[in-house]
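Protein sequences appear in the order of chains U and S. Convert by adding 254 to the 1-based position in the first sequence; the result is the number in my numbering. Convert by adding 254 to the 1-based position in the second sequence; the result is the number in my numbering. The beta-carbon is built from N, C-alpha and C at its ideal position, and this holds for glycine as well. Quick caveat: nothing in here was measured; it's all calculated off a predicted structure.
There are 2 protein chains.
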Amino acid sequence: MGAHALPGRLVDGRNMTQPLLIFPDPPPPLLVQTLDFANIPYIAVANTSVAMSVEPADGWAGAVIVAEEDPENAFGICRALRKGDSPVEGVLLLINAGQLSELEQRENLFDDFCLSPFHPKELEARIRHLQYRAGRGSDPETGGYGELVLNFETYQAMISDKPLDLTYMEYELLKFFVTHPAKVFTREQLLSRVWGYEYYGGARTVDVHVRRLRAKLGEEHANLIQTVRSVGYRFGQTRWNSPTE
Amino acid sequence: MGAHALPGRLVDGRNMTQPLLIFPDPPPPLLVQTLDFANIPYIAVANTSVAMSVEPADGWAGAVIVAEEDPENAFGICRALRKGDSPVEGVLLLINAGQLSELEQRENLFDDFCLSPFHPKELEARIRHLQYRAGRGSDPETGGYGELVLNFETYQAMISDKPLDLTYMEYELLKFFVTHPAKVFTREQLLSRVWGYEYYGGARTVDVHVRRLRAKLGEEHANLIQTVRSVGYRFGQTRWNSPTE
DNA sequence: GCCAATGTGAACGCTGTGTGAACGGGGTCC
DNA sequence: GGACCCCGTTCACACAGCGTTCACATTGGC
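Rendered as structure tokens:
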């Protein structure tokens, strides 16, 4: 596996902690050169199973998939990236002109493409734009909902201008809720996406954390976290707004 | 103003009623040729005010903005398209390689770009992909029938813009009905497909849930669920033409 | 008018969730 | 190194919501 992930590298002022996924391994020289020149961290993988095993804990920043040489496996990786609870956003295909017609059947597998041979500046601009789009909504260092405000960098939380004293797990759970409002999550989903691993036993653990969160939010805001009986929990108002739109 | 909007033109089988906005007017010949060849309806405009005045009632399907000749006005149009209540999604810039560095400051003004001179198939693929994305829209996985709307992600239901308070089983049953309208199901079929297992006894259970659903839908919409005597229940139109499935 | 099928109201009992408390591992401070 | 404390997890129990069932009323077809 070819790794070039330098934690904490800066891309025009924005901290970019997550690496890009690159296929294949080793990548074409010009691609390596472009990424290095643009200071974009990446990890190259040779197949799907390697991709899964080296995925960073906080996910991929995106992916550049070279589909010229080995379209079969390239599209296979795309499919794998799109699956699961949290599909990878920002999949960029590198193809040659002859493959343009193949895209039509695979619109769902990518977010952008670039024709090879490519202009390094063009590829860089496309990667940058994908990351702009990905980072636009969710990731700013602060988030909130109504009277609730979270500072993701300092791990502080406030509600109605009063600071909340949360433990690590409580904060992570609340953060997840804030960044995924209105949607219902089962306990198992919460365990795998907040706790971050497949959990053995103890789905009731979620209940306890929810209870403590509600208690700390105060009686007035306890209803921010609603129980959907025999399904799971939902964060946010009863009236529905579609999340985006 | 150059118009080429043929209502109801088909783009690979998908009905595309809305036209693309093109700048400038007249557009470069190769662009016209590409759009015509791909059967993509469009309206060319020379400036922002014309664009505003000729906007179709149901909005633009997207926009292709040529920024090579007149970047000033080109980006001005982009800005105008992004403003307002319903910003245009699917703005594609046509630029030359020298302008790549300018994109960095304008990430918010476009969704994709294409280097000029361009490969007609590439431009077509990009337009198609933008429209695929737009059509998929912000997909809050929703379903509905008439005034009834179900949000599958939030487990919420509304009818006539009023929220419905449904229990788990009621919601699941209604969801099944909504996703299988106009078809008659026996109680046994409903039990096995909604309850999800071969059920012992209690076919009357379905009756009770149907009754409660009707009650919660309100007198006005209670007839959404019709009983077909000695067969089962059917959801949807009183009309006897049952369209699909 | 008879019988079968369905609507209706109410009661039962189970399952899911809230709640209090205890356990135990990891870290910190004497 | 031992005695704490914090916090994530687990357990036992209580309660309430809800799915199910039953008895009875009503409807509709023959």
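May I ask you to list the residues that DSSP assigns as paired with residue i?
i        : result
U/TYR399 : U/LEU402
U/SER370 : U/ASN350
U/ARG488 : U/VAL438, U/GLN480
U/ALA411 : U/LEU404, U/LEU418
U/VAL345 : U/ALA317
Ends of the alpha helix (DSSP H) at residue i?
i        : result
S/TYR425 : 422–433
S/LEU478 : Taken as a continuous stretch (DSSP letters only), S/LEU478 belongs to no alpha helix (DSSP H), as it is neither H nor E.
S/ALA223 : Because residue 223 of chain S is not part of the residues shown, which for chain S are 255 to 499, the question remains open.
S/LEU274 : Careful: S/LEU274 lies outside any alpha helix (DSSP H), inside the beta strand (DSSP E) at 274–277.
U/ASP461 : 458–471
U/GLU323 : U/GLU323 -> no alpha helix (DSSP H), and no H or E assigned at all.
In chain U, which residues lie less than 7 Å from residue i when you measure between Cβ atoms?
i        : result
S/THR239 : There is simply no residue 239 of chain S to check, as chain S begins at 255 and stops at 499 in what is shown.
S/TYR386 : GLU361
The beta strand (DSSP E) that contains residue i, what's its start and end?
i        : result
U/PHE364 : Run containing U/PHE364: none; DSSP gives neither H nor E here.
S/VAL204 : Within the shown structure, residues of chain S are numbered from 255 to 499, placing residue 204 of chain S beyond reach of any answer.
S/PRO417 : 416–418
U/GLN287 : Looking at the DSSP string, U/GLN287 is not in any beta strand (DSSP E); the run it does join, the alpha helix (DSSP H), is 283–291.
Residue i touches chain U at which residues, Cβ-Cβ below 9 Å?
i        : result
S/ARG209 : The requested residue 209 of chain S is not part of the displayed model; chain S covers only 255 to 499.
S/TYR422 : VAL482, ARG483, SER484, VAL485
For residue i, go through chain U and note every residue whose CB falls closer than 8 Å to its CB, in chain order.
i        : result
S/HIS373 : ALA351, LEU354, LEU369
S/GLU376 : ALA351, LEU354, LEU369
By the criterion of Cβ-Cβ separation under 9 Å, what are the contact partners of residue i in chain S?
i        : result
U/ALA379 : LEU354, SER355, LEU357, GLU358, PHE367
### Message
Quick test of the definition: if touching needs 3 or more C-beta pairs under 8 Å, does the segment 415–423 of chain U touch the segment 378–387 of chain U?
### Response
Using a C-beta cut-off of 8 Å, the segment 415–423 of chain U makes no contact with the segment 378–387 of chain U, since fewer than three inter-stretch Cβ pairs fall below that distance.
### Task
Could you run through the segment 344–367 of chain U and flag, in chain order, every residue whose CB is less than 9 Å away from some CB of chain S?
Answer in chain order: ALA351, LEU354, SER355, LEU357, GLU358, GLU361, ASN362, PHE364, ASP365, ASP366, PHE367.
### Task
Could you say if the segment 301–319 of chain S and the segment 343–363 of chain S meet the contact criterion of at least three C-beta pairs nearer than 8 Å?
Touching, yes.
### Message
Whether or not the segment 290–299 of chain S and the segment 351–367 of chain S are in contact is what I'm after, with contact meaning three or more pairs of Cβ atoms, one per stretch, closer than 8 Å; do they touch?
### Response
The segment 351–367 of chain S is not in contact with the segment 290–299 of chain S.
### Query
Any chance the segment 403–414 of chain U sits against the segment 323–337 of chain U, with 3 or more Cβ pairs inside 8 Å?
By the Cβ criterion, the segment 403–414 of chain U is not in contact with the segment 323–337 of chain U, since fewer than three pairs of Cβ atoms, one from each stretch, lie closer than 8 Å.
### Query
Using a Cβ cut-off of 8 Å, which residues of the segment 454–484 of chain U contact any Cβ in chain S, in chain order?
Per Cβ criterion, the list reads VAL482, ARG483, SER484.
### Interface residues of the segment 274–298 of chain S facing chain U [CB-CB below 8 Å]
Close to chain U, meaning a Cβ-Cβ distance shorter than 8 Å, is no residue of the segment 274–298 of chain S at all.
### Task
Take every Cβ of the segment 457–468 of chain U, pair it with every Cβ of the segment 424–443 of chain U, and state whether three or more of those distances are shorter than 8 Å.
Yes: at least three Cβ pairs fall under 8 Å.
### Task
Report yes or no: do the segment 437–445 of chain U and the segment 483–492 of chain U share at least 3 C-beta pairs separated by less than 8 Å?
Short answer: they touch.
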